[in-house]
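This report concerns only the one structure given below.
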Amino acid sequence: MLKLEDRKEVITEKLDKILEEQKGSQFKEFKNLEVLKNLEEKVPEEAKEAIQKAQEKVMERLQENLEKMSPEDQEKFGEYIEKISGEKEKQLEIMENLKAKIKEAPATPIRVELKERLERGKTKVLEKIEEKLEKLDCPEWTPPAPDFCKEGRVVVMKDPETGCPLQPKCVQPGELTGLVTCCMDSACVRVTKEKCDGAGGKIVSASSCIPNPCEEKKIEVPPIEVPPAEVLEKPTIVPQPTACITLWDPVCGKDGKTYSNSCFAKSAGAEIDYKGVCKEEVLPKAIPSQEEPILEGEQRGVDVEKVK
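Spelled out as structure tokens, the structure:
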């Protein structure tokens, strides 16, 4: 039987292979990173490290692909980021992480130009975040100034209760961001670094929170779906791990959201209103070719059976 660390490696390799084989444009790795970030929030603590390693591999592939692209294709990448659906806060984090990795590499004309394009893309994404405030009735939010956080990464977290974006934060190189595994009050919880520090907790690796790290247990990865249209204000909640086939046979739930098929609707706890895309949403017309960026209709799915 495989040890826990060995199983983590297997999960990483399988996830990476599944995402690499996904159909999509030449920029699909960017969306794959968002898929993995959403998946990281849903898996058990002992599987998070495997998801993070998969993210590292996809990030390396995205950087390599972008550096090989022509200036025209890099320009298309900027348009792609501006138009795709998804959580803009996560997309901003991916862009800033990518920019940080490019900064670490020796400077070349291509890398310098790519950093500038990412900087322009960041401005567009921040504008999208600001536009969302009206829909959520959020408190006043001030976008960062153009010269804010030149040496670090701009991060915008979401309030877990309201879904509203919090004020932009500048994360310096080497500083932790996002949710961390924090041991406090004899328990391990996922909170922000600030909350962990404020409660006198200790940031640890996910595996150290398992009562017996050598215990043989099956790591289950729940299904994950990126909705085909409209920006989600909150991620779809999957109440129980359920294997669904990634098949486009849309249904409209009574919650007003479109689901890829009835299985995804059921696993999200949504009651089906009628078959087809919700009338107020936009139906993707076709699977985009490798030459064109995936726009509002982009969809990603991970087949759970392949990663167990």
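Residue numbers for the sequence shown follow the numbering used here, beginning at 763 and rising by one. Beta carbons: idealized from backbone N, C-alpha and C, even for Gly.
Going by the beta-carbon positions, is the gap between residue i and residue j smaller than 8 Å?
i     : j     : result
E802  : Q814  : yes
V916  : F910  : yes
E796  : I856  : yes
C944  : K964  : yes
K850  : K890  : yes
K877  : K861  : yes
L888  : T924  : no
G840  : G786  : no
Q892  : P905  : Sequence check: residue 892 is Glu here, not Gln. Yes, Cβ-Cβ distance for E892 and P905 is below 8 Å.
K1041 : V1013 : no
Give me the residue from the options with the minimum Cα distance to residue i.
i     : options                       : result
G914  : D835, P930, G960 and N827     : P930
N794  : V805, K785, P935 and L781     : L781
W1010 : S1029, G1018, V1039 and K1019 : V1039
L828  : K863, Q934, G962 and K804     : K863
K790  : C900, R882, K1041 and Q853    : Q853
S832  : S847, E818 and E875           : E875
R879  : E808, E866, E858 and N800     : E858
R769  : Q784, A809 and E783           : A809
Q934  : K865, K920, K1041 and P922    : K865
E807  : N1023, A949 and E826          : A949
E826  : A812, N800 and F792           : F792
E881  : C958, A1030, Q784 and P908    : P908
Name the DSSP bridge partner or partners of residue i?
i     : result
G1015 : I1034
M946  : A949
T1020 : C1014
I965  : C944
P906  : Answer is none; P906 lacks a bridge partner.
K785  : Bridge partners of K785: none, in fact.
P927  : K920
Taking the beta strand (DSSP E) that residue i falls in, what are its first and last residues?
i    : result
V917 : R915 to V917
Looking only at its own chain, which residues have a Cβ that is under 8 Å from the Cβ of residue i, when we skip the five neighbours before and after it?
i    : result
L895 : W903, C926 and P927
D835 : Q788
C958 : V942, C944, M946, K964 and I965
By the DSSP assignment, the alpha helix (DSSP H) with residue i in it spans what residues?
i    : result
C932 : No alpha helix (DSSP H) holds C932; the beta strand (DSSP E) holding it covers K931 to V933.
P833 : P833 to K845
G960 : K955 to G960
P806 : Run containing P806: none; DSSP gives neither H nor E here.
A862 : K850 to E866
T885 : P871 to L898
Leaving out five residues before and five after residue i in sequence, what residues of the same chain have Cβ atoms less than 7 Å from its Cβ?
i     : result
A816  : T774, L777, D778 and L798
G1015 : Y1021, A1027, A1032, E1033, I1034 and D1035
T870  : none
K819  : D778
A867  : R873
A961  : M946
Among the residues of its own chain, which have a CB less than 6 Å from the CB of residue i, if the five just before and after it don't count?
i     : result
V966  : T943 and C945
E771  : none
V951  : C944
D1017 : A1032
G848  : E796
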